[in-house]
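Quick notes on the structure that follows.
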Amino acid sequence: MEDIVSKIDFKKKMRWGNKDFAFVRPIRNVLALFGNEVIKTTVAGIETNNKVTGHRLLSPEFKEINNPKDYEKTLAEKHVIVSREKRLENIVAQLEKIEKELGFEAVSKKKVSEIVVDLVEEPYLLTAEFDSKFLEVPKEVLTSEMIEHQKYFPLCKKDGSLTNIFVITANQPKTPQIIAGNIRVLTARLSDGRFLYQEDIRKGMDEMNERLEMLMFRKELGSVTDKVKRLEKNSELLIKILGYEKNKENILKAIKYMKSDLVSNMVYNFPELQGIMGGYFAKSMNLNDDVALAINEQYRPLFATDNIPSNDTGKAIAILDKMDNIVAGFYVADIPTGSQDPNALRRQALGIVNILIKSKKHVNLKKLIEDSINSMPKDARVNKSNDLLNDIFEFFKSRFENDIDFAKDSVAGVLSTGIDDMYDAYLKIEAIDAFRKKNEELFSNLLLVFKRVKNMIKSAKEVNLDESLLKEEAEKSLYNIYKEKLNEVNKLMEKREYEKTFALLASLYEPLDKFFKDIMVNVDDEKIKNNRIALLSSVDKIFKNMLDFSSLVK
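Printed below as a string of structure tokens:
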């Protein structure tokens with residue numbers, strides 16, 4: 047038994063007394079029952095028995111247990127709730143009662159509950175108040191202090207503004223000493239936070255920017271100041287592509303100050319508040335709300351379902367920043383491998399794609415990548431790839447393909463057409479998915495017939511189609527319908543009416559199927575054979591306006 051207990055894994059273990067035995071905490075008692083019989087042995091020098099001790103303050107006396115079924119009930123009587131699930135339910139119920147009584151809402155309820163449930167044996171939720179003068183400090187600073195450091199539940203009003211009331215999770219009923227002690231500890235932390243915030247405001251962002259020269263971005267690529275200069279340079283093309291010329295002044299102002307807070311006291315102590323603190327500092331400098339909000343939201347989206355930046359200035363600087371980070375990683379050969387992605391380049395690539403899609407922006411992504419590559423110092427390049435631009439673009443495509451919630455073969459089919467506009471790709475995939483759901487049988491038939499097309503054209507030489515060589519009715523019919531549809535398809539493609547486009551393309555199925563039923567392609571006459579292959583290639587190309595069927599069939 048001692049061997050089993052010693053092998054229970056913990057991140058940290060300790061030894062006590064003069065024993066070699068290691069465990070997460072010193073062992074004081076060992077209950078070991080098989081039925082109603084004590085299993086006689088020792089663990090860490092302690093003889094096993096049939097006794098338990100309860101809560102060390104509320105019920106420290108030992109009590110015998112003669113049946114394992116009584117274990118949970120007996121400990122509950124001694125103020126120890128064994129079940130984690132029941133402790134969690136208890137905490138949530140008490141918190142909801144407090145919320146209802148006060149008319150407030152707890153911040154990060156689930157997150158804090160999942161932490162404090164493992165810190166108490168029998169939870170008692172108590173309310174306390176800190177001095178309201180601290181409410182002048184940004185809400186995020188106060189909640190970080192309370193949640194991350196003290197494991198408290200901050201309380202907010204219905205409008206989201208923070209109150210000075212917080213909830214403590216104690217391991218015993220309320221006493222004046224418990225309340226006073228927690229207020230004293232929190233007040234010390236909030237006092238420090240308030241002082242550091244005021245110091246940052248006093249220094250201002252221009253002074254912070256001077257210190258960015260000493261903050262390394264990447265050793266091969268210089269400081270954060272160097273990075274900011276690249277973003278300023280790259281903004282010219284992005285502003286033009288996105289049509290954000292009216293926002294140019296705000297975008298450049300936001301770029302200038304977007305990284306200032308990285309050397310602030312607040313971000314040094316609360317790294318999770320980078321960007322957010324920059325937004326507050328921007329307001330303190332009387333920068334306009336558009337710039338302040340953009341700086342605040344520059345790291346969005348932080349995960350797949352997160353919101354993108356709220357305004358165009360924020361979208362622009364978020365794209366520029368993420369693109370610089372991704373290109374920098376590839377440039378110095380620090381590329382994600384397997385499950386390893388310490389610089390979150392995959393998340394940032396997906397973030398750019400999501401911003402473009404949700405903003406409904408048609409952007410040639412390769413141009414943005416190329417512009418970012420060209421802004422990197424030439425002598426800093428470590429990656430010796432012959433096609434760095436395409437490597438990075440393929441990285442973006444893989445993130446898009448893995449994350450988008452449509453049939454994977456349709457996604458692969460659209461991306462295989464050489465498309466470099468992710469929003470356009472999204473619209474095409476969405477249209478194909480809608481068509482596919484309404485016309486499952488027809489789509490399956492298209493797949494089958496294109497399997498034959500693929501086999502015919504995959505190794506053929508490219509030749510021009512000669513209409514005069516079309517002799518059979520089925521091949522003439524296919525060609526005429528193809529010509530008729532080609533002009534209509536081009537018009538619909540210009541309007542980006544993709545569902546109508548694909549429906550029109552799908553109408554080629556019947557003449558294409560009849561072609562294969564009535565026509566022998568591999569005839570002895572080489573000119574006729576190549577002409578028929580050229581006809582099939584033309585049909586394949588018109589479909590590639592939407593997707594490459596050959597990538598869907600094996």
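So for the sequence shown, my numbering puts the first residue at 47; every next one is plus one.
Here a beta-carbon is modelled for each residue, glycine too, at the ideal position from N, C-alpha and C.
Because the structure is a prediction, the values reported are computed rather than measured.
Discussion item. Pull the bridge partners of LEU171 from the DSSP assignment, please.
Written reply: THR215
ask   = Are there 16 or more other CB atoms within 10 angstroms of the CB of LYS305, so buried, or fewer, so exposed?
value = buried
Problem set entry | Rounded separation between ILE224 and ALA362 - CA only | 49 Å
Sheet register partners of GLY268 (DSSP bridge) | GLY268 is bridged to ARG264.
**Request:** Determine, using beta-carbon pairs with one atom in the stretch 324-341 and one in the stretch 288-299, whether at least three such pairs fall under 8 Å.
**Result:** yes
Own chain residues within Cβ distance below 6 Å of ALA68, not counting five before or after: LYS59 and ARG61
### Query
If you drop the 5 nearest sequence neighbours on each side, which residues of the same chain put their C-beta closer than 7 Å to that of SER178?
ASN210
Between ILE565, LEU551, ASP564 and MET312, which has its C-alpha nearest ASP594's C-alpha? LEU551
Which residues share a DSSP beta bridge with ASN436?
Answer is none; ASN436 lacks a bridge partner.
What is the rounded straight-line gap between the Cα of ASP512 and the Cα of ILE579? 11 Å
**Item:** Nearest candidate by alpha-carbon position, reference ARG482, set TYR544, PRO423, PHE199 and GLY63
**Value:** TYR544
Excluding five sequence neighbours on each side, which residues of the same chain lie with their C-beta closer than 6 Å to the C-beta of LEU172? ILE214, ALA216 and LYS220
Checklist entry - Can LYS529 and LEU554 be called in contact, C-beta distance under 8 Å? => result no
C-alpha gap between ASP49 and LEU435, whole angstroms: 57 Å
Original post:
Taking the continuous alpha helix (DSSP H) assigned at GLU145, which residues delimit it?
Top reply: 130-148
* To do: Report back the beta-carbon spacing between ILE354 and ASN400 to the nearest angstrom; my notes put them in contact at under 8 Å.
  => About 6 Å separates the two Cβ atoms, so the contact holds.
If ASN357 sits next to LEU339, beta carbons under 8 Å apart, how far is it from one beta carbon to the other, in whole angstroms? Contact between ASN357 and LEU339 holds: CB atoms are separated by about 6 Å, below the 8 Å threshold.
### Query
On the three-state DSSP scale, how would you describe ILE73?
coil
(message) Considering just the uninterrupted stretch of the alpha helix (DSSP H) at LEU414, what are its terminal residues?
(response) LEU414 -> alpha helix (DSSP H) spans 411-421.
Got a sec? Which residues, its chain only, sit under 6 Å from GLY565 by beta carbon, not counting five neighbours each side? Looking at the sequence provided, one finds Ile at residue 565 rather than Gly. So the list reads GLU518, ALA520 and GLU521, once near-sequence residues are dropped.
- Kindly list the residues whose CB is nearer than 6 Å to the CB of LYS546, restricted to its own chain and excluding five residues on each side of it in sequence; keep chain order. Cβ neighbours of LYS546 within its own chain (closer than 6 Å, five residues either side excluded): LEU538.
- Task: List the residues that DSSP assigns as beta-bridge partners of ALA152.
- Result: Under DSSP, ALA152 forms a beta bridge with LEU201.
Could you compute how far the alpha carbon of SER190 sits from the alpha carbon of ARG392?
27 Å
Quiz item: Helix, strand or coil: which one does DSSP assign to THR463?
Solution: Assigned with DSSP and collapsed to three states, THR463 falls in coil, not helix or strand.
### Query
Based on the DSSP output, what are the partners of MET60 in its beta bridges?
MET60 is bridged by DSSP to PHE69.
Closest by CA to GLY149, which one among LYS203, TYR117 and ARG102?
LYS203
Are PHE562 and ARG498 close, meaning C-beta to C-beta below 8 Å? Yes, Cβ-Cβ distance for PHE562 and ARG498 is below 8 Å.
VAL84 - partner residues in DSSP beta bridges: Looking at the DSSP assignment, VAL84 forms a beta bridge with LEU79.
- Query: From which residue to which residue does the alpha helix (DSSP H) around LYS185 run?
  - Reply: LYS185 -> alpha helix (DSSP H) spans 185-190.
- Message: Any heavy atom of the ligand FAD inside 7 Å of the beta-carbon of LEU551?
- Response: This structure lacks the ligand FAD, and indeed carries no ligand of any kind.
- Task: Please report the Cβ distance between ALA350 and LEU283, rounded to the nearest whole angstrom; I am assuming they are in contact, meaning their Cβ atoms lie under 8 Å.
- Result: That pair is no contact at about 27 Å.
Inset, instruction - Following the continuous alpha helix (DSSP H) through THR547, name the residue where it begins and the one where it ends. - result: 544-552
Under a Cβ-count criterion, where at least 16 other Cβ atoms within 10 Å of its own Cβ denotes burial, should ASN280 be classed as buried or exposed? buried
### Message
Going by DSSP in three states, THR351 sits in which element: helix, strand or coil?
### Response
coil
*Terminal residues of the continuous alpha helix (DSSP H) containing GLU194?*
No alpha helix (DSSP H) contains GLU194, which DSSP labels as neither H nor E.
Notebook entry, point to check: Can the beta-carbon of LYS157 be found closer than 8 Å to that of ILE193?
Noted result: Cβ atoms of LYS157 and ILE193: closer than 8 Å.
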